[in-house]
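Worksheet: one structure, shown below.
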Amino acid sequence: MGQRKEKRFGVSAMALGLAAMLFGAPMAPAANFRDRLAQDELIYFVLPDRFENGDAANDRGGLKGDRLRTGFDPAAKGFYHGGDLKGLTARLDYIQGLGATAIWLGPIYKNKPVQGPPGQESAGYHGYWITDFTDVDPHFGTRADLKAFVDAAHARGVKVYLDIITNHTADVIRYRECPTSACAYRSLADYPYSTRGGVKGPGINAGFAGDDKARQTAANFARLTQPDYAYAPYVPAAEAKVKKPEWLNDPIWYHNRGDTSFKGESSTYGDFSGLDDLFTENPRVMQGFIDIYGKWIDDFGIDGFRIDTARHVNPEFWQAFVPAMIERAKARGIPNFHIFGEVADPDPATLARFTRVDRYPAVLDFGFQSAVTEVLAGKAGTDRLAELFQVDALYEGGPVSAVQLPTFLGNHDMGRFAHLLRAAAPSLSNEDLFKRVTLGHAMLIFARGAPVIYYGDEQGFTGDGGDQDAREDMFASKVASYNDNKLIGTDKTTATASFDPAAPLYRAISTMAAIRAADPALRRGEQIVRNYDEGQGLFAFSRQLADGTETLVVLNTSTKPVSGQIQVDAASRSWRSLHGSCAPAASARGSYAVSLAPLDYLVCTAQPSGEAR
């Protein structure tokens with residue numbers, strides 16, 4: 000209880016203590032945690048099923064039967080394991096102690112418990128197979144449990160971002176033409192809306208003029224009455240009313256064109272691995288989802304949305320949905336509602352397109368993830384990082400808006416950072432891997448952007464690959480393929496609970512988080528690349544505020560000691576260390592000497608001298 004007041008605004012006791020040590024006084028928190036900008040946050044991404052089991056009574060989601068009915072099998076990586084909202088609430092001390100100021104919560108909506116063909120079934124433990132968009136999945140608890148979690152986080156000044164989906168629902172709709180196998184995608188040209196079963200089929204949907212941008216009106220879509228232009232969709236009787244809101248049960252609100260190939264038009268019109276692809280061009284669907292997710296803002300006062308499969312939805316949907324959510328949040332007293340979309344592409348130009356055309360405020364920075372992995376795996380020089388940040392100009396608003404891009408090293412789909420490094424460089428020793436993972440987190444936490452820590456990385460989780468292989472349990476796991484991996488920096492495994500604040504990576508990350516929390520330049524400052532090499536070696540950048548305050552971050556990506564002179568602002572004369580051994584003064588006006596051990600980093604800060612700049 001004694002620490003509650005210190006933690007109220009999302010700053011851990013460790014952060015306050017380090018701030019006092021570094022700056023002479025504790026960091027003054029915002030008067031209200033909602034006043035913090037998106038780039039101020041350090042985000043912790045968690046899948047609730049894999050975090051902590053606070054209530055064993057909900058493990059089966061109120062269902063009876065074997066795992067194919069309840070979805071619960073804690074020994075199988077593709078089924079529910081028992082984590083829930085009560086467990087998350089009980090572990091807020093742990094999350095906040097790491098330095099997290101926002102929690103990105105994997106989808107908590109009611110899911111289809113199990114789906115997949117015989118012998119290939121898995122459960123909706125991850126939350127992305129939604130049937131009821133209006134309620135919490137019983138495996139995770141109740142709406143009251145969600146409210147208790149959000150309220151408890153807010154009492155500490157920790158924000159909550161909900162993971163949302165508008166691209167698809169669970170796989171409920173079937174096609175009569177392919178009852179036992181996946182249906183191949185059928186294009187708009189070969190299977191137009193105006194005929195049934197192909198261009199030579201009988202005419203249907205008289206007067207419907209298509210779904211191009213200019214045609215996305217209620218009057219036009221009122222003429223689309225038959226959904227069997229490509230396939231003959233139907234809903235099995237047993238699932239006729241499974242979706243909520245009720246309107247979602249009608250196939251007319253879906254594209255019904257078969258599975259996407261992730262190329263061309265199928266990227267936005269096709270079913271994602273059989274999941275029912277929503278007809279988001281239809282204004283009824285658009286308004287329906289504005290209503291659905293607006294109510295989650297109204298009811299729970301959440302602070303932002305991470306949007307799944309964002310690139311698979313038409314731009315016009317986002318152009319309406321995003322401003323509607325921001326306005327809904329403002330009406331609820333949430334001025335800095337953060338929306339960021341998942342566009343799984345390492346090309347910054349592709350990512351930037353979604354901020355300019357689709358009008359996303361931010362997207363997950365897959366470009367950052369790719370560049371840092373390549374560099375720290377020894378596959379690219381540090382010039383790769385310089386090239387990445389140079390194209391921040393492509394984002395809507397340029398580098399000023401790029402500071403709010405959520406950056407990350409690995410995730411629940413592609414795999415954990417440690418696994419990606421080891422896959423790219425199999426000969427890495429455990430010690431070398433630990434140093435590279437630590438250095439990657441230094442890049443993540445101090446460079447521009449809103450850093451995202453994937454749950455478990457701070458305990459040294461490595462995973463065996465992507466998807467299910469990267470979704471280990473924080474509580475004592477019963478999954479053999481998880482438990483045979485040693486955690487980085489320790490001899491422990493996931494067979495025992497992994498909430499150790501003394502774990503080497505937890506300590507390293509929490510120290511970095513405290514430095515960032517205490518230094519506004521590292522959160523909001525303009526980023527200026529100062530030094531890079533064509534091979535492994537120094538990478539240096541400054542974060543500089545408008546008043547001239549400069550913080551210099553220098554990383555050594557090589558396995559040898561390096562030293563050199565780094566260009567800095569001419570007014571930055573006197574320096575002090577935030578991490579590592581920083582020289583107390585510039586070598587000469589505009590030049591600063593650094594020396595680093597292999598795979599190490601420095602963080603040095605200077606106040607402007609007051610001289611003419």
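Residues in the sequence shown are numbered from 0 upward in steps of one, following numbering that gives the first Met the number 0. Where is the CB? At the ideal position from N, CA and C, for every residue including glycine.
- Residue state for Arg-575 is assigned as strand, using DSSP reduced to three classes.
- In the DSSP assignment, the residues bridged to Ser-590 are Gln-566 and Ala-587.
- Between Gly-414 and Ile-107, the alpha-carbon positions lie close to 21 Å from each other.
- Put simply, the backbone Cα of Arg-435 is about 8 Å away from that of Thr-556.
- Asp-382 is not a Cβ neighbour of Glu-176, given a cutoff of 9 Å.
- If you ignore the 5 residues before and after Val-45, its C-beta comes within less than 6 Å of the C-beta of Tyr-454, all in its own chain and listed in chain order.
- Judged by their CB atoms, Phe-278 and His-254 are nearer to each other than the 9 Å cut-off.
- From the listed residues Val-312, Phe-388 and Phe-339, the smallest Cα separation to Asp-346 is found for Phe-388.
- Judged by DSSP secondary structure, Gln-606 falls outside any alpha helix (DSSP H) and instead within the beta strand (DSSP E) spanning 600 to 607.
- Under the three-state reduction of DSSP, Gly-202 is assigned to strand.
- The Cβ neighbour count for Thr-495, taken over all protein chains shown within 10 Å, is under 16; the residue is labelled exposed.
- Straight across, the Cα-Cα distance linking Ile-325 with Val-478 is about 41 Å.
- Of Arg-222, Arg-529 and Cys-182, the smallest CA-CA separation from Arg-256 is found for Cys-182.
- In this structure, the beta-carbon distance from Trp-317 to Asp-357 falls below 9 Å.
- For Val-374, the secondary structure class from DSSP, reduced to helix, strand or coil, is helix.
- Secondary structure of Asp-131 (DSSP, three-state): strand.
- The closest CA to that of Leu-537, considering only Asp-518, Asp-546 and Leu-595, is found on Leu-595.
- Taking C-alpha positions only, Ser-509 is separated from Gly-579 by approximately 16 Å.
- The region 146 to 154 makes no contact with the region 217 to 234; the number of CB pairs closer than 8 Å stays below 3.
- Close CB contacts of Val-135 within its chain, under the 8 Å cut and outside five residues either way in sequence, are with Leu-84, Ile-107, Tyr-108, Lys-109, Thr-141, Arg-142, Asp-144 and Leu-145 (chain order).
- Your pair Ile-487 and Leu-432 checks out as a contact, with CB atoms roughly 6 Å apart and the cut at 8 Å.
- Rounded to whole angstroms, the gap between the alpha carbons of Asp-258 and Asp-290 is 28 Å.
- Judged by beta-carbon spacing, Tyr-268 lies beyond the 9 Å limit of Ile-306, meaning their Cβ atoms are not closer than that value.
- Cβ atoms of Trp-295 and Leu-161 come within 8 Å of each other, at about 6 Å.
- With contacts defined as CB atoms closer than 9 Å, Arg-90 and Phe-50 qualify as a contacting pair.
- Within 10 angstroms of the beta-carbon of Pro-450 lie 16 or more other beta-carbons, which makes it buried.
- If only complete runs of 4 or more residues are kept, the region 18 to 84 shows the alpha helix (DSSP H) at 66 to 69, in order along the chain.
- Here Ala-584 is actually not in contact with Ser-576; their C-beta atoms are around 12 Å apart, not less than 8 Å.
- Using a C-beta cut-off of 8 Å, the region 456 to 465 makes contact with the region 398 to 416, since at least three inter-stretch Cβ pairs fall below that distance.
- For Lys-109, the enclosing beta strand (DSSP E) covers residues 108 to 110.
- Buried is the label assigned to Gln-368, since at least 16 other Cβ atoms lie within 10 Å of its Cβ.
- Taking the C-beta atoms as reference points, Tyr-192 is found no nearer than 9 Å to Asp-211.
- Within its own chain, the residues whose Cβ lies closer than 7 Å to the Cβ of Gly-397, once the five positions on either side in sequence are excluded, are Asp-391, listed in chain order.
- Annotation: Ala-513 to Ala-501 spans about 16 Å, alpha carbon to alpha carbon.
- The Cβ atoms of Phe-320 and Met-285 lie closer than 9 Å to each other.
- Residue pairing by DSSP places Asn-484 opposite no residue, since no beta bridge is assigned to it.
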